[in-house]
Amino acid sequence: LSGGSLAVSTDLEAPAGNLSLKAGSGDLDVNAGATLDTAGINKTFFDTTTYATGGTLSLAASRGSVNLQPGSAASFGGAGQGGDAGSLDIQAGGSVLLGGRLDGHAAAGYKGGIFSLDSGGVVDLDAIAALSQAGGITGALSISSGAGNLKLSAGQSLKAGNVYLAANGGSGLPSAADGNVEIDGSI
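Right, here's the structure in full:
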């Protein structure tokens with residue numbers, strides 16, 4: 251789905267599939283009560299259960315912000331009985347609000363979700379750490395900010411198979427306030 255601006259106030263489902271929402275000139279808002287779902291599924295055929303992995307959920311606002319409002323949800327996890335989780339990719343020319351629930355869980359023995367965030371604004375790495383742990387996002391984390399520093403505070407932890415962090419803010423000149431990755435916690 252694409253448009254100048256998008257406001258989603260209903261559930262959108264693509265089980266084990268791909269769902270892409272793009273705002274070309276304004277904001278992308280996922281409002282309270284809305285769920286975006288590409289989670290994996292189980293199917294049983296006679297005595298055999300198969301698993302389709304979680305799909306890909308892509309949210310983009312080229313010139314605006316992506317806002318997952320409190321009370322919204324993004325589900326890209328594996329199926330309940332098995333199968334790897336999928337991925338959530340968020341790209342915003344402006345800021346990103348992650349007020350909703352993220353679900354990238356997978357059953358034991360399967361890979362957890364992958365989360366990629368590329369924001370033109372400041373990113374709260376401590377909040378990402380909490381969301382990723384609560385949401386079962388353990389496959390990979392890729393976080394890129396276009397302003398400010400990426401700071402992981404003491405006592406916070408990013409846990410994933412792969413972690414990529416990039417702070418692209420600032421003018422290219424050394425600055426304590428812009429363009430630094432600061433890790434006081436653990437990865």
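To convert, take the position in the sequence shown, counting from 1, and add 250; that gives this note's numbering. We put the beta carbon where it would ideally sit given N, CA and C, even for glycine.
(request) Work out the CA separation of asparagine 412 and lysine 361 for me, nearest whole Å. (result) Annotation: lysine 361 to asparagine 412 spans about 12 Å, alpha carbon to alpha carbon.
(request) Check whether the Cβ atoms of leucine 415 and valine 431 sit closer than 8 Å, and answer yes or no. (result) For leucine 415 and valine 431, yes; Cβs fall inside 8 Å.
(request) Can you tell me which of Asn399, Ala390, Ala358 puts its alpha carbon nearest to the alpha carbon of glycine 370? (result) For the set Asn399, Ala390, Ala358, the Cα lying nearest the Cα of glycine 370 is the one of Asn399.
(message) I'd like to check one pair, glycine 363 with isoleucine 393: are the Cβ atoms closer than 8 Å?
(response) No, Cβ-Cβ distance for isoleucine 393 and glycine 363 is not below 8 Å.
(request) Have a look at serine 322 and serine 382 and give me their C-alpha separation to the nearest angstrom. (result) Linking serine 322 to serine 382 through their CA atoms gives a straight-line distance of about 16 Å.
(request) Look up serine 382 in the DSSP assignment and say whether it is helix, strand or coil. (result) Of the three classes helix, strand and coil, the one that applies to serine 382 here is helix, per DSSP.
(request) Would you grab the beta carbon distance between alanine 284 and aspartate 261 for me? Rounded to a whole angstrom, and I think it's under 8 Å. (result) Indeed, because the Cβ distance is near 6 Å, the residues count as touching under 8 Å.
(message) Helix, strand or coil for leucine 375? Go by DSSP, reduced to three states.
(response) In the structure shown, the three-state DSSP call for leucine 375 is helix.
(message) Considering Cα atoms alone, identify which of Ala264, Lys272, Asp279, Arg313 is closest to alanine 302.
(response) When only C-alpha atoms are compared, the closest one is Ala264.
(request) Could you pull out every unbroken beta strand (DSSP E) segment of at least 3 residues lying fully inside the region 274 to 319, listed in chain order? (result) Counting only runs of at least 3 residues, the region 274 to 319 fully encloses the following beta strand (DSSP E) elements, listed from N- to C-terminal order: 278 to 280, 285 to 287, 291 to 295, 298 to 302, 306 to 311, 316 to 318.
(message) Could you pull the DSSP bridge partners for alanine 416 from this structure?
(response) Paired residue(s): Ser394.
(request) Using alpha carbons as the reference points, say which of Leu278, Ser270, Ser308, Gly385 lies closest to serine 366. (result) Of Leu278, Ser270, Ser308, Gly385, the residue nearest in Cα terms is Ser308.
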